[in-house]
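104 is the number of the first residue of the sequence shown in this note's numbering; add one for each residue after it. C-beta atoms are modelled at their ideal positions from N, C-alpha and C, and glycine is treated no differently. Nothing here was measured: the structure is a model prediction, and the numbers come from that model. Reviewing the structure listed below.
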Amino acid sequence: MIKHEELTRSRGVRKPRISILDSKTARYLPSLELLFQRSCKWLLQAIAVLGLHVITGVSSQATIDDPASDGSNSQFHLWAMSDPHVFSDLFLRMKELKRLNPKGDLLPHESGRIPRLDARESLGSAIVHSESDERFAWDIAICAGDFSGSHGLPTEREGSEVVKQFSRLRKHKREDIYTICGNHDASPGNEWFRKWIDPLGEHSASSGVDNASRPYPIEGTWERYSFRVGNILFLMMSDRNDFAPPVGSLQDGGATGGHPPGAVTMKTFAWWKQKVLSEPEESIIVTVHHHMLKETTVGSGEWEGYPDRDPFPMGVGNRRYHGYMPEDGKHNKGAGYLYWLVDDTKRPVESIADAQAFEGFLENHPGAIDLWIGGHTHTDPEDRKNGRSQIEVKWGVNFVNVAALSMHHGGDHSEPLSRLLSFTDGSSEVRVQCYLHTDRFAERGWYDRGERTLLLGSPFNSAGPRSAIE
Ligand SMILES: [Zn+2]
């Protein structure tokens with residue numbers, strides 16, 4: 104494993120950055136609390152920026168062009184989405200089937216599945232929305248995992264369904280979308296994910312991904328890879344749910360549940376740390392992983408993903424974001440965050456529970472990255488738990504939960520949404536818009552109350568970093 108000291112310290116301690124929430128909604132007020140935690144210099148800087156917004160009444164739109172007017176190369180638009188769980192939105196789950204059909208007189212359609220009356224293409228419809236709204240101009244997209252809705256092993260039919268829904272793309276190429284693995288996508292050797300989702304284009308015949316067509320070339324493996332857009336470095340890390348319980352869901356050739364607590368290998372953590380520490384100061388670093396870090400965004404604290412020990416205390420007003428795995432016992436407390444660090448070079452594999460490796464690193468290196476984008480906890484854009492929403496700042500890092508595209512995986516709190524992040528040349532602000540993909544929570548389309556403006560550690564430069572280290 105690579106030690107910090109052996110690496111270039113160019114990003115050892117970066118300045119923390121502060122999130123500015125949209126003045127239209129007057130929702131930046133809670134961030135004042137954050138301001139007082141910062142050094143005087145940055146406090147003054149932030150007050151100056153906030154003051155400008157307040158005094159002039161100018162919203163973030165004044166500094167970042169509307170996507171509709173984007174006729175130049177001055178902006179980069181990133182569509183960020185997660186958790187399509189495609190079969191959950193097409194077919195009834197077994198427990199729903201039992202509830203709706205106690206006499207068992209509904210005939211299953213193929214492989215014991217019954218189509219929903221309100222079936223929807225979670226991924227396909229989002230793609231259609233994104234390409235039919237002229238304000239939804241995106242350059243590339245990321246999808247942070249959980250393509251499958253399976254609670255066992257994902258099936259070949261579900262894999263081909265994901266590919267079919269990707270084929271709804273009309274204005275973009277499949278290769279414009281960069282993907283990682285979520286906890287529901289695990290299979291032995293992660294072969295299902297590699298065959299159908301295929302970030303590296305290793306299985307073009309099944310996935311349709313041709314890596315020669317990537318607009319921004321990938322370096323790495325299916326599990327951890329990077330790519331660059333201007334001076335933005337993307338670090339993409341897949342979840343590893345393919346270990347035996349309690350770490351993962353695979354056992355005896357099958358799988359049980361999604362085993363919600365997140366897992367990465369020590370190799371992936373070492374890779375991430377090395378990438379972060381060797382990157383020049385003027386780069387913008389975006390980490391994409393299926394899970395959020397502990398105590399960053401809504402539902403990411405202990406026992407927040409699952410609010411109490413089994414049995415779930417119904418009617419207490421708590422949301423039950425994730426499933427409970429009786430055999431995992433105390434580890435269910437980590438259902439809502441990246442929980443395990445796994446040494447898969449050992450036999451049997453060795454795992455550290457509630458490792459907080461990334462949290463510890465960021466605490467010691469505030470502002471070392473600019474954005475952490477994830478999914479996993481499906482909810483609505485107004486949801487708060489213990490004061491945390493879907494977008495928060497901690498350790499000088501912006502954390503953005505973009506879940507979920509699914510409506511039926513996760514009960515009535517899974518509001519289909521995604522986010523559009525707009526970077527502007529020369530600007531340290533990134534506009535984060537929220538798009539609702541159904542009419543259930545509010546009218547389908549842009550949800551202005553969910554919009555935020557975040558501050559990056561460095562301005563976006565579409566020409567790339569001046570001193571990129573490769
Ligand atoms: Zn998940």
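| Query | Result |
| --- | --- |
| Sort H393, R547, E518 by Cα distance to F502 and report the nearest one. | H393 |
| Could you say if the stretch 544–558 and the stretch 481–491 meet the contact criterion of at least three C-beta pairs nearer than 8 Å? | yes |
| Which residue marks the beginning of the beta strand (DSSP E) containing L336, and which one marks its end? | 335–340 |
| Using 6 Å as the cut-off, classify the Cβ of D345 as near or not near the heavy atoms of ligand 1, replying yes or no. | no |
| Just to confirm, does N334 get its C-beta within under 6 Å of one of the non-hydrogen atoms of ligand 1? | no |
| Going by beta carbon distance, what residues of the same chain come within less than 7 Å of T541, once the five residues before and after it are set aside? | M510, P519, R547 |
| Measuring from the CB of D249, is there a heavy atom of ligand 1 at a distance below 6 Å? | yes |
| Run the proximity test for H188: is its beta-carbon closer than 6 Å to any non-hydrogen atom belonging to ligand 1? | no |
| Taking one C-beta from the stretch 353–360 and one from the stretch 304–312 each time, how about it: are there three or more such pairs within less than 8 Å? | no |
| Quick one: using the 10 Å Cβ neighbour count with 16 as the cut-off for buried, is T448 buried or exposed? | exposed |
| Quick test of your reading: R522 and A183, contact by CB under 8 Å. State the CB separation rounded to the nearest angstrom. | 5 Å |
| In three-state terms, what does DSSP make of L226? | helix |
| Am I right that F190 and S251 are in contact with their C-beta atoms under 8 Å? What's the rounded C-beta distance? | 7 Å |
| Less than 6 Å separating the Cβ of N286 from some heavy atom of ligand 1? | yes |
| From this set, D192, P349, Y319, which residue's C-alpha is nearest N435's C-alpha? | P349 |
| Between E259 and chain C, is any beta-carbon pair separated by less than 7 Å? | Within the model displayed, chain C is absent; a lone protein chain is all it includes. |
| Between the C-alpha atoms of S290 and D301, what's the straight-line distance to the nearest angstrom? | 14 Å |
| Quick check: the Cα distance between E224 and E532, rounded to an integer number of angstroms? | 33 Å |
| Using 10 angstroms around the beta-carbon of S454, count the other beta-carbons present and answer buried if the total reaches 16, otherwise exposed. | buried |
| Count the other CB atoms within 10 Å of the CB of G490; is the residue buried (16 or more) or exposed (fewer)? | exposed |
| I'd like to know whether the C-beta atoms of L193 and A222 end up nearer to each other than 7 Å. | yes |
| Output the distance between the C-alpha atoms of W498 and I476, rounded to the nearest integer angstrom. | 15 Å |
| Starting from the Cα of K378, find the closest Cα among G408, G463, L336 and give me that residue. | L336 |
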